[in-house]
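S.K.: If you read the sequence shown in UniProt numbering, its first letter stands for residue 1, the second for the next number, and so on. This is the structure I want to talk about, given as structure tokens.
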Amino acid sequence: MSLLGIGSAKVDLVLEREDVRLGDSIRGHFSINGGTVEQQIKRIECDLIKIDVTNETEEVVDSSTILSESCIESEDCKYIPFSFYISPSLTPTGQGISYRFKTRLVFQEGVTSLDQDLIKLLPKAD
């Protein structure tokens, strides 16, 4: 059933805060909760996506991938530290621009688990 996504493990990106200044890092952790069966984790992919509502476009501005050979047992919970540097060259949130992290938990077999988290990019501190 996990091959169809039923009872599959889930990923949740838990951030220490939902806003970050340009040029700083945002921290948190990936929380991986096991499903009804053991699954082999292949990788965790996390993209920072810029959303321009004015032009109705989405653009991946940066990515991070964690390769893994670990298993998540049934009903188990794992925490993997997360840190992501926010480039000072990005446009701050506002004026039709927003950002989100799109996280994918990819298994050897089964449906990929997805999570999305909005963040607010603040102007660089003076």
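Ideal Cβ positions, reconstructed from N, Cα and C, are used throughout, including at glycine.
Relative to the alpha-carbon of Cys46, which residue among Lys120, Leu67, Glu75 has its alpha-carbon at the smallest distance?
M.R.: As a first step, residue 46 must be located in the sequence shown, where it is residue number 46. Closest option to Cys46, Cα to Cα, is Leu67.
S.K.: Rounding to the nearest angstrom, what Cα-Cα distance links Ala125 and Leu22 in this structure?
M.R.: In the sequence shown, residue 125 corresponds to position 125, counting from 1. In the sequence shown, residue 22 corresponds to position 22, counting from 1. Roughly 8 Å separates the two Cα atoms.
S.K.: Taking the beta strand (DSSP E) that Asp19 falls in, what are its first and last residues?
M.R.: As a working mapping, residue 19 is identified with position 19 in the sequence shown. Counting along the chain, the beta strand (DSSP E) containing Asp19 begins and ends at 19 to 21.
S.K.: In terms of residue numbering, what span does the beta strand (DSSP E) encompassing Gly28 cover?
M.R.: Here residue 28 refers to the residue found at position 28 of the sequence shown. Here the beta strand (DSSP E) through Gly28 covers 25 to 33.
S.K.: Could you have a look at Val106 and say whether DSSP puts it in helix, strand or coil?
M.R.: As a first step, residue 106 must be located in the sequence shown, where it is residue number 106. It is a strand residue.
S.K.: Is Arg27 closer than 7 Å to Ser83 when the C-beta atoms are compared?
M.R.: Counting from one through the sequence shown, the residue named residue 83 turns up at place 83. Counting from one through the sequence shown, the residue named residue 27 turns up at place 27. Here Ser83 is near Arg27, since their CB atoms are less than 7 Å apart.
S.K.: Looking at the strands, I want to know which residues DSSP matches up with residue 127.
M.R.: One cannot answer for residue 127 here, as it falls past the ends of the chain, which runs 1 to 126.
S.K.: How many Å lie between Asp52 and Ile97 at the Cα?
M.R.: For the purposes of this step, residue 52 is identified with residue 52 of the sequence shown, where counting begins at 1. For the purposes of this step, residue 97 is identified with residue 97 of the sequence shown, where counting begins at 1. Going from the Cα of Asp52 to the Cα of Ile97 covers about 5 Å.
S.K.: Does DSSP put Lys122 in a helix, a strand or coil?
M.R.: In the sequence shown, residue 122 corresponds to position 122, counting from 1. It is worth fixing the name first, because residue 122 is Leu in this sequence and not Lys. It is a strand residue.
S.K.: Who are the Cβ neighbours of Lys78 in its own chain at under 7 Å, not counting the five residues just before and after it?
M.R.: Along the sequence shown, one-based indexing puts residue 78 at 78. Closer than 7 Å at the Cβ level, and outside the excluded window around Lys78, lie Ile32, Ile72.
S.K.: Just to check my reading of the structure: Lys42 and Phe107 have Cβ atoms closer than 8 Å, yes? What is that Cβ distance to the nearest angstrom?
M.R.: For the purposes of this step, residue 42 is identified with residue 42 of the sequence shown, where counting begins at 1. For the purposes of this step, residue 107 is identified with residue 107 of the sequence shown, where counting begins at 1. Indeed they touch by this definition, with Cβ atoms about 6 Å apart.
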